[in-house]
Amino acid sequence: MSKDTKATIKVAAVQASPIFLDKCATTEKVCALIRRAGSQSAQIIGFPETFIPGYPGWVELLPLHTERAASLFLKLFNESVEVPGPETTAIGAACKEASMYAVVGVNERRAGTTGTLFNTNLFFGPDGSILHKHQKYVPTVGERLVHAPGQTGSRASVMTEFGVLSSLICGENGNPLAQYAIGLDYPVIHVASWPGHFGEGMTVDGAINVFGPAVASSVGCFVVHAVGVVGDDAIEVYGADEKSRRFLKEQQKQSRACVMGPGGRILAKGSEGDELVFADVCVDDLVKAKYGLGGQCTDFLSQSRRRSRVRIKRSYRDVFIPYAATTYSYSCDVQARNNDKLLSAAEGAAEAIYSVHNTSFKYGPSCRISGKFYGSLLDFDFVADVIHVDYVFVFEFMLPRDEIIPSGEETFAGVKYILQNMK
Numbered sequence: 001m002s003k004d005t006k007a008t009i010k011v012a013a014v015q016a017s018p019i020f021l022d023k024c025a026t027t028e029k030v031c032a033l034i035r036r037a038g039s040q041s042a043q044i045i046g047f048p049e050t051f052i053p054g055y056p057g058w059v060e061l062l063p064l065h066t067e068r069a070a071s072l073f074l075k076l077f078n079e080s081v082e083v084p085g086p087e088t089t090a091i092g093a094a095c096k097e098a099s100m101y102a103v104v105g106v107n108e109r110r111a112g113t114t115g116t117l118f119n120t121n122l123f124f125g126p127d128g129s130i131l132h133k134h135q136k137y138v139p140t141v142g143e144r145l146v147h148a149p150g151q152t153g154s155r156a157s158v159m160t161e162f163g164v165l166s167s168l169i170c171g172e173n174g175n176p177l178a179q180y181a182i183g184l185d186y187p188v189i190h191v192a193s194w195p196g197h198f199g200e201g202m203t204v205d206g207a208i209n210v211f212g213p214a215v216a217s218s219v220g221c222f223v224v225h226a227v228g229v230v231g232d233d234a235i236e237v238y239g240a241d242e243k244s245r246r247f248l249k250e251q252q253k254q255s256r257a258c259v260m261g262p263g264g265r266i267l268a269k270g271s272e273g274d275e276l277v278f279a280d281v282c283v284d285d286l287v288k289a290k291y292g293l294g295g296q297c298t299d300f301l302s303q304s305r306r307r308s309r310v311r312i313k314r315s316y317r318d319v320f321i322p323y324a325a326t327t328y329s330y331s332c333d334v335q336a337r338n339n340d341k342l343l344s345a346a347e348g349a350a351e352a353i354y355s356v357h358n359t360s361f362k363y364g365p366s367c368r369i370s371g372k373f374y375g376s377l378l379d380f381d382f383v384a385d386v387i388h389v390d391y392v393f394v395f396e397f398m399l400p401r402d403e404i405i406p407s408g409e410e411t412f413a414g415v416k417y418i419l420q421n422m423k
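In terms of full-length UniProt numbering, the sequence shown opens at residue 1 and continues consecutively.
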């Protein structure tokens, strides 16, 4: 938390529609909204779920096995955002110009693939950099037809000069483990990103009214609810019949962005159409809200995050399981924040293994050494689980077909080194 508890922060919740399935035009709209919020002295702005290039709402309305649905997925894939990329560069420049933090929802396309998308929130800093990337832990309902499960670990927050800024996407805000994960970081501002509509039988407003106060009260933070608006262009694209179009028109008028206080009280709320919802929030109010409720997170409730385990994976070339999904793995375009620590751990483990029987292993992230199936290779991976496991080291010994895998003594030596040096 900020050392100055009297600090007042101006936040902005976006209530807007994208230019549906047009990432360039929608990115321009994002940048314009950031500059507009900055001109009104906002310091943090939150955007709706998958705002660029739009929420795939057709998954709730169109049958899977139709040409229209398949064509929409193809269009979404082609218009999705690679991170980093020209869209993130433009957004970063807008944040720098406005001196603002922004949480922006995007459909993220994994570079070099032909179908992998993630439901992602990007954290931008006032210096224009991408501070963090949070991929939705588990896609909800029809999203599973479009998005892969998130692979960015349990962390969904960044530190700012105001304190911790966190964000969860849609139904994650009602997930107790997701709330627990952000709660351990004591956020001051939390951005909850929502789409413009769900399927029939549940409204976005209803979800915000249930999950919003729960997050605000249990975590003890201000909540910026950024909500999408169903645009006429989206209705034209996937409103396949009169019933669907009528439903979408009704949803167009219902969802409202808002800002909640730490007890769930609404401090500001949108009206209709595209709008920026502003609120001035004071950190003092967080402290007062915790009077009588402080100290609820005791050691034995949080110590499960400190448990560790080591998992050994041994594989040959023909059964090698790629870890292309992790940021520390096959893509060298993105580097882990703790990359130096990972390399140091791998180097120490390789030296420990060598000390047993003088067996040498190359080491490094998979993007550097994968595919080199000559000699012995020691690969490593590092992931953070939501609650039970904080550190999981994955060793993969990638060997020529007839070469002997490392002995138990060698494996133990490498594991022992990492456990003794892990913090």
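C-beta: ideal position from N, C-alpha, C; glycine also. Just so you know, these numbers come straight off a predicted model, no measurement behind them.
- Around the beta carbon of residue 71, fewer than 16 other beta carbons sit within 10 angstroms, so the residue counts as exposed.
- Taking residue 73 as reference, the option from 88, 56, 85 with the minimal CA-CA separation is 56.
- Secondary structure at residue 278: strand, using DSSP grouped into helix, strand and coil.
- Under DSSP, residue 58 forms no beta bridge with any residue.
- Counting C-beta pairs closer than 8 Å gives fewer than three between the segment 90-109 and the segment 256-263, which falls short of the contact rule.
- For residue 30 and residue 354, the gap between their C-alpha atoms comes out near 53 Å.
- Secondary-structure assignment with DSSP links residue 90 through no beta bridge to anything.
- A residue is called buried when at least 16 other Cβ atoms come within 10 angstroms of its Cβ; residue 80 meets this threshold and is buried.
- With contacts defined as CB atoms closer than 9 Å, residue 189 and residue 221 qualify as a contacting pair.
- Non-local C-beta neighbours of residue 195 in its own chain, meaning closer than 6 Å and more than five positions away in sequence, comprise 49, 55, 228, ordered along the chain.
- Judged by DSSP secondary structure, residue 237 falls within the alpha helix (DSSP H) whose first and last residues are 232-238.
- With respect to the C-alpha of residue 98, the residue from 342, 408, 42, 170 having the closest C-alpha is 42.
- Burial is judged here by how many other beta carbons sit within 10 angstroms of a residue's own beta carbon; residue 421 has fewer than 16 and is exposed.
- Using a C-beta cut-off of 8 Å, the segment 271-281 makes contact with the segment 5-20, since at least three inter-stretch Cβ pairs fall below that distance.
- With a threshold of 16 other beta carbon atoms within 10 Å, residue 149 falls short and is exposed.
- Taken through DSSP and simplified to helix, strand or coil, residue 157 comes out as strand.
- Under DSSP, the beta-bridge partners assigned to residue 187 are 164.
- Rounded to the nearest angstrom, the gap between the Cα atoms of residue 64 and residue 102 is 34 Å.
- Residue 111 and residue 290 have their C-alpha atoms roughly 44 Å apart.
- The bridge partners DSSP lists for residue 193 are 169, 226.
- Secondary structure at residue 134: strand, using DSSP grouped into helix, strand and coil.
- By the beta-carbon neighbour count (other beta carbons within 10 angstroms, threshold 16), residue 100 is buried.
- With distances taken between CA atoms, residue 223 lies nearest to 208 out of 208, 231, 51, 114.
- Within the DSSP secondary-structure output, residue 46 pairs in a beta bridge with 13, 103.
- Only residues of its own chain outside the window of five on either side were considered, and among them 20 have a CB closer than 6 Å to the CB of residue 233, listed in chain order.
- The Cβ neighbour count for residue 410, taken over all protein chains shown within 10 Å, is at least 16; the residue is labelled buried.
- By the neighbour-count criterion, in which a residue is buried when 16 or more other Cβ atoms sit within 10 angstroms of its Cβ, residue 46 is buried.
- Sequence-distant Cβ neighbours of residue 108 in its own chain, meaning closer than 6 Å and more than five residues away, are 81, 83, 118, 120.
- With respect to the 9 Å criterion, residue 230 and residue 197 are classified as neighbours on the basis of their beta carbons.
- For the set 407, 360, 344, the Cα lying nearest the Cα of residue 417 is the one of 344.
- Taking residue 135 as reference, the option from 37, 114, 76, 157 with the minimal CA-CA separation is 157.
- Sequence-distant partners of residue 408 (beyond 5 residues in either direction) whose C-beta falls short of 8 Å from its own C-beta are missing from its chain.
- In terms of Cα proximity to residue 160, the closest of 145, 125, 129 is 125.
- Counting along the chain, residue 358 sits inside no alpha helix (DSSP H), nor does DSSP assign it H or E at all.
- Counted as a single uninterrupted DSSP element, the alpha helix (DSSP H) harbouring residue 31 occupies residues 23-39.
- Closest in alpha carbon position to residue 177, among 138, 269, 75, is 138.
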